[in-house]
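The structure appears right after this line, and notes come after that.
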Amino acid sequence: MDAFTVVRGPVAPLLIPDINTDVISPAHGGQGSMRANAFAPLRYLSDGTDNPEFPLNQEAFRDAPILLGGHNFGCGSSRESAVWSLIALGIRCVIAESFADIFYGNCFQNGVLPIVLGPDELAALARESAASDAIEVDLRTCAITTPLGRTIGFEVNPTRRAQLLEGLDDLDVGVRRRTQIEAFQRADRVRRPWVYLESAAVESPPTSST
Amino acid sequence: MSGRTLVDKIWDEHVIAELDGGLDLLHVDRHLVHDVTSPQAFTALTDRSLEVFSPELTFGSPEHSLTILAGRTEKSNTLSQQFVPLMRKNFTSRGLTLFDIDSPEHGIVHVIAPELGLTLPGTTVVCGDSHTCTNGGLGALGFGVGTSEVAHVLATQSLVQRRPATMRIVFTGSLAPHVSPKDLILHTISALGADAGTGCAIEFAGPLIERLGIEERMTICNLAVEIGAKIGIVAPDETAFEYVASRRYAPRGQMLEAAVTHWRRLASDGDAAFDRHALIDVSGIAPQISWGTSPAHTAPVDGRVPDPSHAPDEAAKQQWAQAMDYMGLQPGQPLEGLPIQWCFIGSCTNGRLSDLRAAAAVIDGGRVASHVRALVVPGSAAVRRAAEAEGLDRLFTAAGFEWGEAGCGLCPGLGGVHLAAGERCVSTSNRNFMGRQGAGVRTHLAGPETAAYAAIQGCIADVRRAA
Chain A
52 MDAFTVVRGP VAPLLIPDIN TDVISPAHGG QGSMRANAFA PLRYLSDGTD
102 NPEFPLNQEA FRDAPILLGG HNFGCGSSRE SAVWSLIALG IRCVIAESFA
152 DIFYGNCFQN GVLPIVLGPD ELAALARESA ASDAIEVDLR TCAITTPLGR
202 TIGFEVNPTR RAQLLEGLDD LDVGVRRRTQ IEAFQRADRV RRPWVYLESA
252 AVESPPTSST
Chain B
-9 MSGRTLVDKI WDEHVIAELD GGLDLLHVDR HLVHDVTSPQ AFTALTDRSL
41 EVFSPELTFG SPEHSLTILA GRTEKSNTLS QQFVPLMRKN FTSRGLTLFD
91 IDSPEHGIVH VIAPELGLTL PGTTVVCGDS HTCTNGGLGA LGFGVGTSEV
141 AHVLATQSLV QRRPATMRIV FTGSLAPHVS PKDLILHTIS ALGADAGTGC
191 AIEFAGPLIE RLGIEERMTI CNLAVEIGAK IGIVAPDETA FEYVASRRYA
241 PRGQMLEAAV THWRRLASDG DAAFDRHALI DVSGIAPQIS WGTSPAHTAP
291 VDGRVPDPSH APDEAAKQQW AQAMDYMGLQ PGQPLEGLPI QWCFIGSCTN
341 GRLSDLRAAA AVIDGGRVAS HVRALVVPGS AAVRRAAEAE GLDRLFTAAG
391 FEWGEAGCGL CPGLGGVHLA AGERCVSTSN RNFMGRQGAG VRTHLAGPET
441 AAYAAIQGCI ADVRRAA
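Next comes the structure, spelled out in structure tokens:
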């Protein structure tokens, strides 16, 4: 995945609560490609033309790499295609009041930075960047620089931050832990033997004594 | 020192290593895999030349992409034509257990895993599907993961996770006649909000929960994610132990006895502290129906669409107005009498035998209204066989319902059935998001009885009037 250090650009405001993953990436894919399908229920009118009220359809925000969201952003399905859809639109950072847990985790596996800010700070950021003025999100310093030059700090888990800066997903790191996991399973087989289905046990019928 | 919660006890047993930044490397006991969220994970393994770490703990079933109409095959729609053979190839080439489309054990993963005894109390169960929380009905720590995490579990049988905060929702009182666990949980979501459980694992508790069967508990846990929690769980008790015994993959004999002894210790200690609490008296709850585009947008079936001017804040006001516009509803409009075109009974929420029995009991000589297409889709091949053995299929088909084959179907807008924009569907599934069941389709979530009754009446209707 792509590393994340600094992203600079306009901020598209989508300050509706509960933006869910079905809206971000509909399962039935009516519009074809992932990019075309992203946000389809909000992005297109019933006749298939662009909804002019949807921020990413507006000239100022068409190529915005940063999205502002309300609370519970990314709720719903676990589908990682929601994050892939954001990437297909060129979005690398989502700043919202809160995120759904699975979506939040999926972001870090794909080089997308989710940032939580309070509602007042979000509203201020939306106001300052309303005219497509660029902001800067710097993961190295954990700071957002607004168009007025204000600096807003943000928090991110240090492990997640380190991996994003290096462009590493969990699997890159996880495969190095296989010996440790094997040791855990050996000990756990003694503690909870019923968990470990052997292929023979899987195949034998319920009361077989053979 | 205060006691520990059910979730903390299960969590602690699964920590392989404590990582930096408050993250844990957590062991996965059961990895459930379905057709649509797994292909890229297998590709990731191939790209990195990685093997499946614990093939014997990995189980799959194609469910999302399948057509759910009777007589279907994997050739029935373009999505299953692509995803089913791909899943078969990914599974057979790695020696993984697949409950294939024609297997007698096939079905929606969250229906078959408990049925087969794969889901056990105290286990961690994950799947690339947010409704993995369903498995919490048996006292398992089940949660949904993304496709990158599916790859991580395949390659390491573990996940990097932050320990969730704990929330306990206690139900008191008794459910009135014709009020189902689905109504109870829909009411709970509307009362608490769609993000009340964000960052949490929710333990459902109280005397009512203790009286419910496992299938009913699974319906409640299924919708934990619609309260924002990845995990919903009920403490395993005698009801759970009895359910598990004799299931195909469950331990037997002395092994089962040892397991039950272990499971008995998992319940939250009396002095365990929870980060969040909610208490819900269920006695006054009516059958529920959703009016909007979030499961939290739910009202009693004899109620009305709310007025956005009564919304708690400006953002909610805007959201409600947008939902009403999408749903073609006016503030203050009664929900009863709203004509429907579709009825869907099934899904991992309400596709089990007890759900189909409840729906069938409502028919009582009635017939599906001529302008409604109603589908009943068992959650698994086993549920289908059991329902047929009781004659439920004949009750349904004689009344004009279609009797389908196991799969997710209309819940995520798939299933080889296409609903048109503007059409209204009463659905026993779990999400009423914009476009969920198809572009412009208007979904009203309900329990099985309310859904079956709506199909017969041809409109949203109060099933209590049928009695």
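First to last, the protein sequences are chains A and B. The first sequence begins at 52 in this note's numbering and counts up by one. The second sequence begins at -9 in this note's numbering and counts up by one. In this text, a Cβ means the ideal position worked out from N, Cα and C, and glycines have one as well.
Chain B within 7 angstroms of residue i, Cβ atoms only
i	result
I67/A	yes
L173/A	no
N88/A	no
P55/A	Just to set this straight, residue 55/A is Phe in the shown sequence, not Pro. No, no contact with chain B.
P198/A	no
P262/A	Any property of residue 262/A remains undetermined from this structure, which presents chain A solely from 52 to 261.
L248/A	yes
I153/A	yes
S255/A	Reliability of the predicted coordinates at S255/A is poor, the pLDDT of 41 falling under 50, and no value is obtained from them.
A147/A	no
W245/A	yes
P165/A	no
A78/A	yes
N71/A	yes
Element boundaries [beta strand (DSSP E), containing residue i]
i	result
V160/B	A155 to T162
V115/B	T114 to C117
S468/B	Nothing about residue 468/B can be reported from this structure: the residues present for chain B run from -9 to 457 only.
H168/B	Per DSSP, H168/B belongs to no beta strand (DSSP E) and is neither H nor E.
T137/B	T137/B -> not in any beta strand (DSSP E); alpha helix (DSSP H) instead, spanning T137 to T146.
S280/B	Q278 to S280
A78/A	From DSSP, A78/A is part of no beta strand (DSSP E); its letter is neither H nor E.
T433/B	R432 to L435
V57/A	V57 to G60
Contact under 7 angstroms by Cβ, residue i with residue j
i	j	result
V145/A	L118/A	yes
G50/B	F81/B	yes
S370/B	A351/B	no
G127/B	V224/B	yes
D189/A	V74/A	no
L248/A	E105/B	no
G336/B	V358/B	no
A441/B	C333/B	yes
T197/A	G127/A	no
P111/B	W253/B	yes
T156/B	S149/A	no
P167/B	E206/B	no
Q323/B	V295/B	yes
S39/B	G163/B	no
Extent of the continuous alpha helix (DSSP H) run through residue i
i	result
P165/A	That residue, P165/A, is in no alpha helix (DSSP H); its beta strand (DSSP E) goes L164 to V167.
H177/B	P171 to L182
P92/A	A91 to R94
L69/B	T68 to T82
T72/A	T72 to I75
Min CB distance residue i to chain A below 7 angstroms
i	result
S284/B	yes
Q71/B	no
K65/B	no
S120/B	yes
H142/B	yes
A289/B	no
P241/B	yes
A249/B	yes
D297/B	no
T188/B	yes
E53/B	no
Proximity test, residue i beta-carbon vs the ligand ZN heavy atom, cut-off 6 angstroms
i	result
L(-4)/B	Among the components modelled here there is no ligand, and therefore nothing to report on the ligand ZN.
Short CB-CB distance (under 7 angstroms) between residue i and chain C
i	result
I232/A	As a matter of chain content, chain C is missing from the structure shown, whose protein chains are A and B.
When you check each C-beta in the region 129 to 140 of chain A against every C-beta of chain B, which residues fall closer than 7 angstroms?
Residues passing the 7 angstroms Cβ filter: S129, R130 and E131.
In chain order, which continuous runs of the alpha helix (DSSP H) of length 4 or greater are located wholly inside the region 349 to 384 of chain B?
Taking only runs of at least 4 residues, the alpha helix (DSSP H) segments lying wholly in the region 349 to 384 of chain B are 371 to 379.
Mind listing, in chain order, the continuous beta strand (DSSP E) runs of no fewer than 3 residues lying wholly within the region 158 to 232 of chain A?
Fully enclosed beta strand (DSSP E) runs of 3 or longer: 164 to 167, 186 to 189, 194 to 196 and 202 to 204.
Mind listing, in chain order, the continuous beta strand (DSSP E) runs of no fewer than 3 residues lying wholly within the region 116 to 162 of chain A?
The DSSP assignment places complete beta strand (DSSP E) segments of no fewer than 3 residues inside the region 116 to 162 of chain A at 117 to 120 and 144 to 147, in order along the chain.
Compile a chain-ordered list of the residues in the region -8 to 24 of chain B whose CB is closer than 8 angstroms to at least one CB of chain A.
So the list reads E3, I6, A7, L9, D10, G11, G12, L13, L15, H17 and D19, given in the order they occur along the chain.
Could you name each continuous beta strand (DSSP E) segment of 3 residues or more that falls completely within the region 327 to 351 of chain B, going from the start of the chain to the end?
Complete beta strand (DSSP E) runs here, min 3: 332 to 335.
Mind pulling the alpha helix (DSSP H) runs of 4 or more residues that sit fully within the region -5 to 34 of chain B?
Fully enclosed alpha helix (DSSP H) runs of 4 or longer: -4 to 4.
Mind checking the region 202 to 227 of chain A against chain B and listing, in chain order, the residues whose C-beta falls within less than 9 angstroms of any C-beta there?
Of all residues in the region 202 to 227 of chain A, N208, P209, T210, R211, R212, A213, D220, D221, L222, D223, V224, G225 and V226 have a Cβ within less than 9 angstroms of some Cβ in chain B.
Threshold first: 3 residues or longer. Then list the beta strand (DSSP E) segments lying entirely within the region 178 to 260 of chain B, N to C.
Within the region 178 to 260 of chain B, the complete beta strand (DSSP E) runs of at least 3 residues are 190 to 195 and 221 to 223.
Name the residues in the region 97 to 130 of chain A whose C-beta lies less than 7 angstroms from a C-beta of chain B; which are they?
Listed in sequence order: S97, G121, H122, N123, C126, G127, S128, S129 and R130.
To be precise: take each residue of the region 418 to 446 of chain B, compare its Cβ to all Cβ atoms of chain A, and keep it if any distance is under 8 angstroms. Which residues remain?
Across the region 418 to 446 of chain B, CB contacts with chain A closer than 8 angstroms involve R421, F423, M424, G425, R426, G428, A429 and G430, in sequence order along the chain.
Select from the region 207 to 226 of chain B all residues with a C-beta closer than 7 angstroms to any C-beta belonging to chain A, and list them in chain order.
The residues in question are G218 and K220.
Can you pull out the residues from the region 398 to 418 of chain B whose beta carbon lies closer than 8 angstroms to at least one beta carbon of chain A?
Contact residues of the region 398 to 418 of chain B toward chain A are P402, G403, L404 and A411 (C-beta to C-beta distance below 8 angstroms).
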